[in-house]
Each structure stands twice: as structure tokens, then as C-alpha cells.
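Below is one structure, written out as C-alpha cells, with a few remarks after it.
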Amino acid sequence: MRHESYTAFALKFREQYFLEPARLAEEDARRREAAKRLRGALKRRGKTAEPERSDTDTDAEARQRDAARAGVAAFLLAAAILLVFNSDGFTEYTRDLAEVSAGRPLYAVAVKWDAEMDRIGAKRLGVAVHRLVVQVRAAHWIDIAGLFAAPGDARAAMRGKAVPAYTGSLPEQGRAPAP
Amino acid sequence: MLFPTLNFGIFFLVVFAVAWELRGQAEARKAFLVAASYVFYGFWDWRFTALLAASSLINYTAGRLIAMTGHDRDRRLLVGMAIALNLVILGFFKYYGFFLEQLSDLLDRYGLGRDLPFLEVILPIGISFFTFHGISYVVDIYRRKIPAERDPLNVFLYISFFPQLVAGPIVRASDFLPQLRAEPKLDHAILSRGIVLILIGLFKKMVIANYLSTELVDDMFFDPTSYSGPDLLLGLYGYAVQIYCDFSGYSDIAIGVAALLGYHFKPNFNQPYRAASLREFWRRWHISLSSWLRDYLYKPLGGSRHGRFNTYRNLMITMLLGGLWHGAAWTFIIWGAIHGTVLAVERMIFGTARETVPAPAVMAAGDGVVAASGPPPGSYALRKALGVFVTFNIVCLAWIFFRAESLDYAMQYLQGLTHWSSPVVRATPFLAALVMVSLAAHFVSEDLVERIAARLQGLGALGLGAVLGFGILLIWAVAPAGVAPFIYFQF
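Going down the list, the sequences are from chains U and F.
So in the working numbering, the last one in the first sequence is 191, and the numbering has no gaps at all.
So in the working numbering, the last one in the second sequence is 493, and the numbering has no gaps at all.
And the structure:
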């Protein structure tokens, strides 16, 4: 019984993996030969063998093509924006590439580009945002209390000046000592 | 290759352009995407691309053999062998050292200690994910949910497709393979949705997760004895937000990148911290893993079909193995045990009811008729809020074990949470606001991404490019320096 099932399995395997692919390949060759003959005949009569496509197919394909082009355009524009406003990032990236001689010219271009962007002020936007974030990160609870205090209140006067013993977690300010 | 790097940006630009140029040639497109996925994977360590190829080949062959076999017994044998082979590969790379250490400890305890063949085994990135993809493929063929693929390219692409290769989401073969047979779709709606998802994912990872990691969580878990209870509590809530933003950020980028290439992935997270029960939490957190565990582990174990005791046992086994899947350490097993126990307790109390907090009377009503059943709205809101609070804190308790380097550190952290007399040193307004705002964001509308994407849809290519470019610029300027790897890469 067991032996029979293995034989059946082997026969099925042979059928599926040897006979069936051979039959399919033969059919495919026949079909291609027929298509070639048809194309030859149509060409001789001055016609084309391309199947006609419906308007819906063509519209869908056109939409797809437009969207793909829009995607590439959007990515290229995003890359250009980053190249102009974040030229530091480009320099950092090419610095790693400069470890091999082929990457050195690109690094030199990136450094020049960065200096140029600095000169025209394109980097100011990123710097301004970063400065704002640094201020927010450095804020203490007393600053927050000062925001809600009345103008004459002592807490309002302390805003931005207080440096409590703790809560200094900015890396550039050094870590607060552990209690 | 990490998503938030210039290398990936250049790689994706090329892949996107070429893949859509090949849209009319299905086989060439698939071959190109497989090659791109291997480049993406090989960028980390090219030697492991052979492992990825071997895993794909094993599952392709197993799928073909299962499909060819008519006898149920032979099919069962083949699927069992395929699963075992997948698990042996995973087990060797992921659990070899752990089990040998445990065995060595056990032998030492009984005075039988000897030299064991310890090896420095490098964990191939994403191995847990591509193993689960492989198992999903062969089991679905065995269950006759999908036909076995004749074209090996389909299986190779399913297992290695780069957006989901290293950290999920765990895409089901029955969801992905039919998409390979259809023509991939891209329009302005998909384009804007993909870009919005990528930007949101980058913000979650680069800004929220990275700040919380570098300025709060890492130090707290490195030395919990140095901090006060309030600091440790903020650190714990911070970790809950960090792991959510890190992993859901990765999933958002993966889903967005796949969408831009014309493939749809199901959502992997859905505002998990608004869950009012642990069962609801698992319907919202790492959805692809929880549904995988449900369909390929919990249900085959018997699910809830064989009485109460067996249901609790099955829940426990599923969650323990879910914990072990995350890593070979007792801390992960305890994490799984906490989830398994609470899920079993919830089931004990609330039975099989889908919601642990029943809908209020007015919400249950339709067409202006007020239903008689259900609690009044005020009581509903209170119970819901209490459910959310309790669930969140149970999840956070389990996160301590998930994040701690060892059981000792986890216990130190737990003890530290009770010390409220020491001064608060790390809870700055910035970090507190980051945690609070991120948690509050769980309660905004669930379709926010869709609404933003719909607004951007009409902008055209230049508008979308400007949104993407300035969006990345802003994230870059706000985020801390450097790119930390994603947490789920280690799993």
C-alpha cells in the first residue's frame, strides 16, 4: 500500500516536472511559430499584428505612466530641495565616499557646493529650526511656570534665566550629576 | 541599509524609476525587485543573502511538493518537515547560544559540567520575519488557502521583498502573491498616501523615538538605581512611546514604500495605547504578528474550542512563544507570561465578549431609537478611561522586562519606581511633552493619514516633491544627530 503511494508520487512527479514542461514548451514553440507566420503575412499586406486595445486600458496605462513620472519628479524635486537647504548632509555623505580615490572629486564638489549654499543663505532655514529646537529642549519647569505667571510675578522674571541644579539633559551642557 | 539614510534614498529612487519602467514586463519587474531586495539585504552582510535564498528555495520546493501530493498523511509530513526546517534554521541562529548556556548551567548545578560547543553565532538581520513568511507560505498551501507557486520568482519576491524584509510587517502569502499576478497600480492617491506614510514614519522614528532613546530611556534602563521614581516612571512611559514610534514608524515607511511600488500591505499598528483591554491591545499592536500567532499557533493548538482550561493554556503557550520569538532571554519569556496571564484573566472575567467595556445605550441605538441595554454614556466613558489606564500600565509593566538587559536590571527598575523621595533629574518639560503629546496622538481620528493624503492628492508632482523635500528637511533639522538602528532589527 505504502509502496504504491510512493510509485504514484514518483509518476506524478515525472508527469509534472518532466512531461508537462516538455509539452508546454512544445506548445509554446508552435504558438510562436504560428504568430511569426501571421506577422509575416500581415506585414506583406501592410498591416500590423498588434492587438487592438480598448480606451479604458489605454487610459489606465496613461494614468499609471503619469503617476510614475509624477513620482520620479517629486523625488527629484525633494532631492534638489535637500541639496540646496541641507548641503551639510551632502558633504557628510560624500566624506565617507572620499575614503576611496574615486569618491574624492565628488567630495570636493560637495564642499564647494556647501560653501556656496552657506554664502547665499540657503542653510539659514535649517539652522533657525535647529536653534528653536535647542531652546525648547533647554527649557526648565521654571520657564514653563513663567509663561503662565502674571507680569509682576517673580517667576515671570526668572524665565530663561534660571538654571536649576537638576534637569540639564542637553549633551552639549553635560549631564546632571546623579543623585 | 537603513530607511532614514541617504543610501536608501538613492537606492529607492533608482528602484522606483526602473520598476515602473518595467511595468509592462511582469517577469522582468519581479526579477528586478528580487535583485534589488538582495542588494538591500546584502548591504548589511552579503554572506547572509545565501541564507535568504536557501530559505526561499526550501519553501518554494516544499510548496510544490505539498501541492503535488494527494494523500493527507504525506501532505502533513511534508508541511511538518518544512516547518521543522524553517525552525531549525531560526533556532540555530537565534537560540543556539541561549539553550547551550541554560544546558551548561543545568549540568553545572548537578555537578556534570563539561565543555560545550559554544559558537559565536551572528544573528542574521530579519531572520525571524523571513522565517515566518516561509512558514505562512507552506502552511497556507497545506490548508489549500493558496495554490503553490509555479514561478520561483514569486516565492523569492514574497520572502525577500525589501520593504518588509528586515522588520516586517509579516505579510501573508494569501495577501501578497495574488498582487504579483495582477498589474501593479499607482495613481496620485497612492503616491500621496505613500509620501505621507514615509514622512510620518520618519518623524516617529527620527524625532520622537530617537530623542526618547538618547535623552531618557537608555540611561534609565542602563542604571535604574541612579534615578527617582518619577524619573523612572517617565522613562517607562517614554519607552512605551519610543518602541511604538520606532516600530510603527518602520512599518509606516515599509507600507508607504511598498505602496509606491504598487503593492498593498495591511496596517500593522492602530493606535495601540487607546486599547481598553489587553485583547484589544493585541488587535492594535503589531497586528501582523498577533494575527500570525493566532492563525498558525493559537488555533492549531485548539484555540478556545476545548474548554476553559485548554483556552487559558493555549493563550499562555502562544504568548510565551511570542515572547521567545522576540529573543532568547528570560526577560522576553516573562514579558510573554505577563501578557498570557492577563489575557487569560480577562477571558475569565469577561468571557468571549469582544469588548470588555460594553457600548453605551445611545451608541448602541440606531435610527433615533434609544436602546434599553448598555450603561449610560457617562459611565461608559469612565469605564473606558479606566480600562485604557489599566491596560496601558499593564503593558508598561511588561515593557520593563522587554527592555531590561537582564532580570536583575528589571527588578532594580521595579524597585526604583517605588522611591519617590529622591529629586527628579531627567524629567524636562521637553521630554515630558514628547511623551504626553505622543500618547495623546493615540486619541486622534483613526483615518488621519487618509485625510492628509487626500488633501495632498491635488498638489501635483511639484507640490508633493515640495512636501517631501521640506518635510525631510524639517525632520532632519529637528531630530538628534545620527541614525539609531530600529529596535525590531534585533528580532
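We treat Cβ as the ideally placed atom computed from N, Cα and C, and that holds for glycine.
Option in the options with minimal Cα separation from residue i
i, options, result
"residue 255 of chain F", "F:113, F:310, F:169 and F:433", "F:169"
"residue 462 of chain F", "U:152, U:123, U:38 and U:84", "U:84"
"residue 200 of chain F", "F:54, F:454 and F:482", "F:454"
"residue 191 of chain F", "F:478, F:69 and F:460", "F:460"
"residue 133 of chain U", "U:122, U:152, U:113 and U:98", "U:98"
"residue 438 of chain F", "F:236, F:312 and F:25", "F:236"
"residue 153 of chain U", "F:488, F:434 and F:466", "F:434"
"residue 268 of chain F", "F:275, F:98 and F:259", "F:259"
"residue 303 of chain F", "F:289, F:385 and F:321", "F:321"
"residue 176 of chain F", "F:251, F:136, F:244 and F:211", "F:136"
"residue 154 of chain F", "F:165, F:144, F:146 and F:139", "F:139"
"residue 82 of chain U", "F:446, F:466 and F:336", "F:466"
"residue 196 of chain F", "F:306, F:422 and F:14", "F:14"
"residue 534 of chain F", "F:142, F:150 and F:132", "Outside the shown range of chain F, which is 3 to 493, sits residue 534 of chain F, and nothing can be said about it."
"residue 441 of chain F", "F:328, F:313 and F:272", "F:272"
"residue 496 of chain F", "F:134, F:489, F:416 and F:409", "In the structure as shown, chain F begins at 3 and stops at 493. Residue 496 of chain F is therefore absent and cannot be evaluated."
"residue 44 of chain F", "F:163, F:66, F:299 and F:119", "F:163"
"residue 341 of chain F", "F:182, F:403 and F:58", "F:403"
"residue 1 of chain F", "F:156, F:186, F:420 and F:471", "Nothing about residue 1 of chain F can be read from this structure; chain F reaches only from 3 to 493."
"residue 447 of chain F", "F:382, F:276, F:308 and F:265", "F:276"
"residue 182 of chain F", "F:478, F:33, F:421 and F:343", "F:33"
"residue 240 of chain F", "F:248, F:261, F:214 and F:230", "F:214"
"residue 479 of chain F", "U:95, U:141 and U:70", "U:141"
"residue 87 of chain F", "F:109, F:53, F:112 and F:99", "F:53"
"residue 90 of chain F", "F:78, F:60, F:118 and F:347", "F:60"
Within chain C, partners of residue i - CB distance below 7 Å
i, result
"residue 75 of chain U", "Of the protein chains in this structure, namely U and F, none is chain C."
Interface residues of chain F facing residue i [CB-CB closer than 9 Å]
i, result
"residue 84 of chain U", "15, 18, 19, 22 and 463"
"residue 195 of chain U", "As shown, chain U starts at 13 and ends at 191. That puts residue 195 of chain U outside it, with no answer to give."
Within chain F, the residues that residue i reaches when beta carbons sit closer than 7 Å
i, result
"residue 24 of chain U", "70"
"residue 89 of chain U", "464, 467, 468 and 471"
DSSP three-state assignment for residue i, whether helix, strand or coil
i, result
"residue 475 of chain F", "helix"
"residue 168 of chain F", "coil"
"residue 127 of chain F", "coil"
"residue 24 of chain F", "coil"
"residue 152 of chain U", "coil"
"residue 60 of chain U", "Low per-residue confidence applies at residue 60 of chain U: pLDDT is 49, beneath 50, and the placement is therefore not dependable enough to give any value."
"residue 27 of chain U", "helix"
"residue 120 of chain F", "coil"
"residue 173 of chain F", "coil"
"residue 71 of chain F", "coil"
"residue 83 of chain F", "helix"
"residue 422 of chain F", "coil"
"residue 29 of chain F", "helix"
"residue 288 of chain F", "coil"
"residue 448 of chain F", "coil"
"residue 372 of chain F", "Bear in mind that a pLDDT of 49 at residue 372 of chain F, under 50, signals an unreliable position, so the number given afterwards is only what the model happens to contain. Of the three classes helix, strand and coil, the one that applies to residue 372 of chain F here is coil, per DSSP."
"residue 430 of chain F", "coil"
"residue 244 of chain F", "helix"
"residue 160 of chain F", "helix"
"residue 182 of chain U", "Low confidence applies to residue 182 of chain U: its pLDDT is 35, below 50, so where it sits in the model is not reliable, and the reading given next is rough at best. Reduced to three states, the DSSP call for residue 182 of chain U is coil."
"residue 135 of chain U", "coil"
"residue 111 of chain U", "coil"
Contact belief for residue i with residue j at Cβ below 8 Å, rounded distance in angstroms
i, j, result
"residue 1 of chain F", "residue 469 of chain F", "There is no way to answer for residue 1 of chain F, as the model of chain F reaches only from 3 to 493."
"residue 129 of chain F", "residue 291 of chain F", "With a Cβ gap of about 15 Å, residue 129 of chain F and residue 291 of chain F do not count as contacting."
"residue 110 of chain U", "residue 119 of chain U", "4 Å"
"residue 232 of chain F", "residue 426 of chain F", "5 Å"
"residue 74 of chain U", "residue 189 of chain F", "Not confirmed; about 11 Å, so no contact."
"residue 481 of chain F", "residue 209 of chain F", "5 Å"
"residue 414 of chain F", "residue 226 of chain F", "5 Å"
Listed by chain order, chain U residues near residue i by CB distance under 7 Å
i, result
"residue 432 of chain F", "148, 149 and 151"
"residue 472 of chain F", "93"
Residues that residue i contacts on chain F, provided the C-beta gap is smaller than 8 Å
i, result
"residue 79 of chain U", "188, 189, 190, 192 and 193"
Partners in chain U for residue i, counting only beta-carbon separations shorter than 9 Å
i, result
"residue 346 of chain F", "None at all; the shortest Cβ gap to chain U is about 40 Å."
"residue 8 of chain F", "94, 101, 102, 104 and 105"
Residues that residue i contacts on chain U, provided the C-beta gap is smaller than 8 Å
i, result
"residue 494 of chain F", "In the structure displayed, chain F extends from 3 to 493; residue 494 of chain F sits before or after that span and is not available."
"residue 80 of chain F", "Ordered by position in chain U, no residue passes the 8 Å Cβ test against residue 80 of chain F, which lies about 11 Å from the chain."
"residue 419 of chain F", "What residue 419 of chain F touches in chain U: nothing, since even the nearest Cβ is about 16 Å away."
"residue 2 of chain F", "Nothing can be reported for residue 2 of chain F, as the shown portion of chain F is limited to 3 through 493."
Mind checking the region 147-162 of chain U against chain F and listing, in chain order, the residues whose C-beta falls within less than 9 Å of any C-beta there?
-> 148, 149, 150, 151, 152, 153, 155 and 156
Residues of the region 23-52 of chain F with a CB closer than 7 Å to any CB of chain U: list them in chain order, please.
-> 25
Relative to chain U, which residues along the region 440-468 of chain F have a C-beta separation below 8 Å, given in chain order?
-> 462, 463, 464, 466, 467 and 468
If you measure beta-carbon to beta-carbon, which residues of the region 101-127 of chain U are closer than 9 Å to chain F?
-> 101, 102, 104 and 105
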